[in-house]
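Chains as they are written, first to last, in the working numbering: chain A, 1 to 154; chain B, 1 to 667.
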Amino acid sequence: MTRPLQRAALALLAVALLGGAAADPADRLKDPAQEARARALFRDVRCLVCQSESIDESDATLAHDLRQLIRGQIAQGRSDAQIRAFLVARYGQFVLLTPKASVGNAILWAGPLAVVLAGAAAFAARRRRSGGEPAPLSAQEEAELSACCRPDDD
Amino acid sequence: MIDEFGQFALVLALTLSLGQCALSIAGRVRRDTALTGAGEGAAIAAFAAIALGFLALIYAFATSDFSVLNVAANSHTAKPMLYKIAGAWGSHEGSILLWCVMLTGYGAAMAAVGRLPFGLKASAVATQGALAALFIGYIVFASNPLTRIDPLSVPAQGDSLNPLLQDPALAAHPPFLYSGYVGFSVVFSLSVAALVEGRVDPAWARWIRPWTLAAWSLLTIGITLGSYWAYYELGWGGWWAWDPVENASFMPWLMGTALLHSAAVTEKRGALASWTALLGIGAFTLSMMGAFLVRSGVLTSVHAFAIDPKRGLALLVILGVAAGGALALYAWRAPKLKDDAAFTPISREGALFLNNVLLAAATAVVLIGTLLPLIRAAIDGTPISVGAPYYNLTFTALVAPALVVLPVGALLAWKRADLAGALQRLIVAALVALAAALAVLALTEPRSALAAAGVGLGAWVIAGALAEAAERVKLGRAPLGEVGRRAAGLPRGAWGMTLAHVGIGVFALGAAYETAWRSETTEALTLGQSIRLAGFELRLDRVAEVFGPNYIAGRAYIRVTDPRGRGLCEAEPERRVYAAGGQDVSQVAICGRGLDQVYVVAGDRRVTPGGPAVLVRAYWNPWVRLVFAGPLLMALGGLVSLSDRRLRFAVTSRARVGVAPAPAPAE
């Protein structure tokens, strides 16, 4: 089996093993506030063997292990930032679903912004090219117009 | 025998598509209607040939002919007939064949019913033939679904299909999705033809509109079906995950939506012509890119059936040739197009311009978010993830302003409009929206100002669309008889627009409400035990073993009682084990009440101190039905608009539709 195929099979397995997942009562932290923090973190951590699921949604064994790891760290009193840093050090940027604000990722925000700015520039250019408001009719044009057409023709 | 006949039909279709392209080009160059007529005939014949090839594949699936490789790999005698047949387009090879059936089908339709000027039609039929030849060539040479297995190693049984995919919504999802994707091919061909002919004008914009509307409506239905399948089949309680595969279908939809609106500007005002042509090329380019992303194995997902780098490369080459060629043509010809119709910011076209900028930026969000992880991984080997948090923030920031402007834009006149007048006519809609937002803010727990704003925005769009319709029929300002006459006399296109705008409002309403106030609970329940979820009580009554046609299931019977103590339903979620593949699949149970749904998933069985228990996970999804109803209303709006007499494919002679005379070609 090729590697991608294995990954696909794992992904299918992960989908197939649906069960209690993230909120399994056997795993939950006693303190509801800490558990809520854990759940919020889960939503931003990728299940590395699944398609593009967070560990909050996935039932894969690895997702379960990561959840327990995070809960353990929360119970030890680590902050969210510390836990994220720990996960990134261990698994790389890939593990976080929210991309880090960095030069390499800047296009994620700069790209759509550039489209909006390009739109504004195109609009401005169109206005300038067409000279804004059309000039009012000259006296001669006015005369020609009334000679050819009755006003109520519209 | 039928299989070999199908093979022959595929090769014949390839030959006919090449002929269609060559004859149309020759006819165009020599101005010979006999040659272009032959090209049109070849287009129709190519469709007939490939349809026969597809029927041969369906026959092989229906009869479980495991001497055909594709059937052996993707079917099983234990599958119900519907899913055997749906298996014909469930695999990589079969789905590309379905794509080609649609591609030639649209080509044949354009050849048969499109009454277009000589040059434009010949060029468009030639382009459509070239597209068909590219994709059919791929089938014949790289991805043949009718290939036989060595006769000595024909298996007695097939390798089944993923049981998750045995579902009516999913059987119907690819045909709708593909008919949408591929519908944009006609717009692509007409755009290329218009650039070749140097003619992008109001008449052309009217000719592409029915094709755009048809493709857009079908794509809307296809995406909604896929989303609904993911909602009730995958058991995670959500309806959109910003999965790259979902994004692949969403990008052409966004661009198609922009195209519908910019084509209206080109048709009515002659402005934005070259932009409309670019969108016409872009929508099908994104469709092809979606097919490439999903089918090449670049993305790992349930859709990536054939993970084969060579095929991925072939698809990439096809994408490069078709899109690259069209875009190069655009870069060369577009600057010569006459496109300088002026408009002021406060006008219908000004609002539609803003709509297009925001939709283009939203498309960029999805495109960059989907591709950047691939690009980063290819360039510097640092894989990153772009997940839901990024999309939710960025996409919403772009779409929300578009929805704020929508009701106002629809009420503005073309050219130069009276903003104060339009706003005045929206006072009632604004009050409705404000009331909705305040009511939600006051009545719901936990309080969320952002979600209340979302609900208000949805109500604003719905009320604004209705206000616009009321304005058109002079509701409240004219006697009822006249209102009725006006309503009957309104073009279908106007009603379609109203429906589609109400649909997007309904969707926004549901999406904002459901996202903010959905709740979830998970507990290991012993028999007779219950949990509470948003005031509902869920009690596990009993557990039983159930035998399905090709699976064995453990089924939990869960009594759901509403907050007033009245029984709502007995939810029967299952865990199924499919004997053939050994897959373990969860079947969720959904109970509806009004717009809301209680969604129940049965998990592991386990032993707790209180005795044996079933892990039950349940979601309360308030207003979730609006999330699916909204897009269906939008699609319905598109179809109603398509039935407009003025837009019928055949009614296109300029004198009859009465559009302004075309500007002279650029050269």
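For glycine and all other residues, C-beta sits at the position ideal for the given N, C-alpha and C.
Rounded separation between T127(B) and W495(B) - CA only: Reading the second sequence from its first residue, position 127 is the one you call residue 127(B). Reading the second sequence from its first residue, position 495 is the one you call residue 495(B). W495(B) has its alpha-carbon roughly 34 Å from the corresponding atom of T127(B).
Should K30(A) be flagged as near chain B, meaning a C-beta pair shorter than 9 Å? Start at 1 with the first residue of the first sequence, and residue 30(A) comes out as number 30. False, the Cβ-Cβ gap to chain B never drops below 9 Å.
Going along chain B, which residues have a C-beta under 7 Å from T98(A)? By 1-based counting over the first sequence, the position of residue 98(A) is 98. Result: G387, P389, Y390.
What do you get for D152(A), buried or exposed, if any count of 16 or more other CB atoms within 10 angstroms of its CB means buried? Taking the first sequence and counting its residues from 1, one reaches residue 152(A) at position 152. Legend: pLDDT at D152(A) = 45, less than 50; position of this residue unreliable, value from coordinates given subsequently. Its Cβ having fewer than 16 others within 10 Å, D152(A) is exposed.
What are the start and end residues of the alpha helix (DSSP H) that includes R485(B)? Residue 485(B) sits at position 485 when you count from the first residue of the second sequence. Residues 480-489.
Hey, how far is the Cα of A271(B) from the Cα of W229(B)? Numbered from 1 along the second sequence, position 271 holds the residue referred to as residue 271(B). Numbered from 1 along the second sequence, position 229 holds the residue referred to as residue 229(B). Spanning the two alpha carbons is a distance of roughly 41 Å.
Taking C-beta pairs closer than 9 Å, name the residues in chain B that A23(A) reaches, listed in chain order. Translated into positions along the first sequence, residue 23(A) becomes position 23. Under the 9 Å cutoff, chain B gives E520, T521, T522, E523, R617.
Taking only beta-carbon positions, decide if V103(A) is within less than 9 Å of chain B. As a working mapping, residue 103(A) is identified with position 103 in the first sequence. It does not; no Cβ of chain B falls within 9 Å.
Could you have a look at A613(B) and say whether DSSP puts it in helix, strand or coil? Your numbering for residue 613(B) matches position 613 in the second sequence. It is a strand residue.
Count the other CB atoms within 10 Å of the CB of I136(B); is the residue buried (16 or more) or exposed (fewer)? As a position in the second sequence, residue 136(B) is number 136, starting the count at 1. When all chains shown are included, I136(B) counts as buried.
Using a Cβ-Cβ cut-off of less than 8 Å, list which residues of the stretch 34-56 of chain A approach chain B; keep chain order. The stretch 34-56 of chain A vs chain B, Cβ under 8 Å: R43, D44, R46, Q51, S52, E53, S54.
Could you tell me which chain A residues have their CB closer than 9 Å to the CB of P244(B), listed as they occur along the chain? If you number the second sequence from 1, residue 244(B) lands on position 244. Under the 9 Å cutoff, chain A gives Q51, S52.
Name the two residues that bound the continuous alpha helix (DSSP H) containing A602(B). As a position in the second sequence, residue 602(B) is number 602, starting the count at 1. From DSSP, A602(B) is part of no alpha helix (DSSP H) but of the beta strand (DSSP E) over 596-608.
Can you tell me the Cα-Cα spacing of D584(B) and D604(B), whole angstroms? Here the question's residue 584(B) lines up with position 584 in the second sequence. Here the question's residue 604(B) lines up with position 604 in the second sequence. Inter-residue distance for D584(B) and D604(B) is about 11 Å (C-alpha atoms, whole angstroms).
Taking only beta-carbon positions, decide if Q93(A) is within less than 9 Å of chain B. In the first sequence, residue 93(A) corresponds to position 93, counting from 1. With 9 Å as the cut-off, Q93(A) counts as an interface residue toward chain B.
Can you check DSSP and say which residues form a bridge with R542(B)? Against the second sequence, residue 542(B) aligns to sequence position 542. Beta-bridge partners assigned by DSSP to R542(B): Y557(B).
Taking 9 Å as the threshold (beta carbon to beta carbon), is N70(B) in contact with chain A? Start at 1 with the first residue of the second sequence, and residue 70(B) comes out as number 70. Taking Cβ atoms only, chain A never reaches closer than 9 Å to N70(B), which makes this a no.
Would you mind sorting A143(A) into buried or exposed? The rule is 16 or more other CB atoms within 10 Å of its CB. On the first sequence, residue 143(A) is found 143 positions in, with the first residue counted as 1. The residue is exposed, with fewer than 16 neighbouring Cβ atoms inside 10 Å.
Please state whether the Cβ-Cβ distance between L97(A) and S385(B) is less than 9 Å. For the purposes of this step, residue 97(A) is taken as the residue at position 97 of the first sequence. For the purposes of this step, residue 385(B) is taken as the residue at position 385 of the second sequence. Their beta carbons are under 9 Å apart, which means L97(A) touches S385(B) by this criterion.
Nearest to R311(B) by CA position, among A516(B), L327(B), V294(B), is which residue? Locating residue 311(B) in the second sequence gives position 311, counting from the first residue. Comparing Cα positions, the closest option is V294(B).
Please list the partners that I74(A) has in chain B, where partner means a Cβ-to-Cβ separation under 9 Å. The residue given as residue 74(A) occupies position 74 in the first sequence. Going along chain B, no residue has its Cβ under 9 Å from I74(A), so there is no contact; the nearest lies around 18 Å.
Please list the partners that L398(B) has in chain A, where partner means a Cβ-to-Cβ separation under 7 Å. Working through the second sequence from its first residue, we reach residue 398(B) at position 398. The answer, in chain order, is P112.
Under 9 Å, do V239(B) and F628(B) count as touching if we go by C-beta distance? By 1-based counting over the second sequence, the position of residue 239(B) is 239. By 1-based counting over the second sequence, the position of residue 628(B) is 628. According to the sequence provided, residue 239(B) is Trp. The question's Val does not apply to it. Closer than 9 Å, so yes.
Run the CB neighbour count on R376(B), radius 10 Å, all protein chains shown included, and call it buried at 16 or more, exposed below. On the second sequence, position 376 is the one that residue 376(B) refers to. Label assigned to R376(B): buried.
Tell me, please, whether the CB atom of N356(B) is closer than 9 Å to any CB atom in chain A? Counting from one through the second sequence, the residue named residue 356(B) turns up at place 356. For N356(B), the answer is yes, since a Cβ of chain A falls inside 9 Å of its Cβ.
On the DSSP bridge list, what partners appear for E574(B)? In the second sequence, counting from the first residue as 1, residue 574(B) sits at position 574. Bridge partners of E574(B): R555(B), Q587(B).
Distance cutoff 9 Å, beta carbons only. Does L66(A) sit that close to anything in chain B? Translated into the one-based positions of the first sequence, residue 66(A) becomes position 66. False, the Cβ-Cβ gap to chain B never drops below 9 Å.
In chain A, which residues lie less than 8 Å from G592(B) when you measure between Cβ atoms? The residue labelled residue 592(B) in the question sits at position 592 within the second sequence. Within chain A, no residue comes near G592(B); the closest Cβ sits about 21 Å away, beyond 8 Å.
Would you mind telling me which residues of chain A sit closer than 7 Å to A364(B), beta carbon to beta carbon, in chain order? What you label residue 364(B) is simply residue 364 of the second sequence in a count that begins at 1. Within chain A, the residues near A364(B) are G111, P112, V115.
C569(B) in three-state terms, based on DSSP: The residue labelled residue 569(B) in the question sits at position 569 within the second sequence. If DSSP states are grouped into helix, strand and coil, C569(B) belongs with the strands.
Beta-carbon neighbours of F155(A), restricted to chain B and to distances below 7 Å: No statement about residue 155(A) is possible, as the shown extent of chain A runs from 1 to 154 and does not include it.
Starting from the Cα of A422(B), find the closest Cα among P389(B), E471(B), S448(B) and give me that residue. Along the second sequence, one-based indexing puts residue 422(B) at 422. If we check each option's Cα against that of A422(B), E471(B) comes out closest.
Hey, W517(B) and P622(B): beta-carbon distance below 9 Å or not? As a first step, residue 517(B) is located in the second sequence; it is residue number 517 there, counting from the start. As a first step, residue 622(B) is located in the second sequence; it is residue number 622 there, counting from the start. It is a contact, given that the beta carbons lie within the stated cut-off.
Run through DSSP, which three-state label would G183(B) get? Residue mapping note: residue 183(B) aligns to position 183 of the second sequence, counting from 1. Here G183(B) sits in helix by DSSP.
When you check each C-beta in the stretch 493-514 of chain B against every C-beta of chain A, which residues fall closer than 9 Å? none
What does the alpha-carbon distance come out to for the pair T36(B) and C21(B)? Residue numbering aside, residue 36(B) sits at position 36 when the second sequence is read from its first letter. Residue numbering aside, residue 21(B) sits at position 21 when the second sequence is read from its first letter. So the alpha carbons of these two residues sit roughly 9 Å apart.
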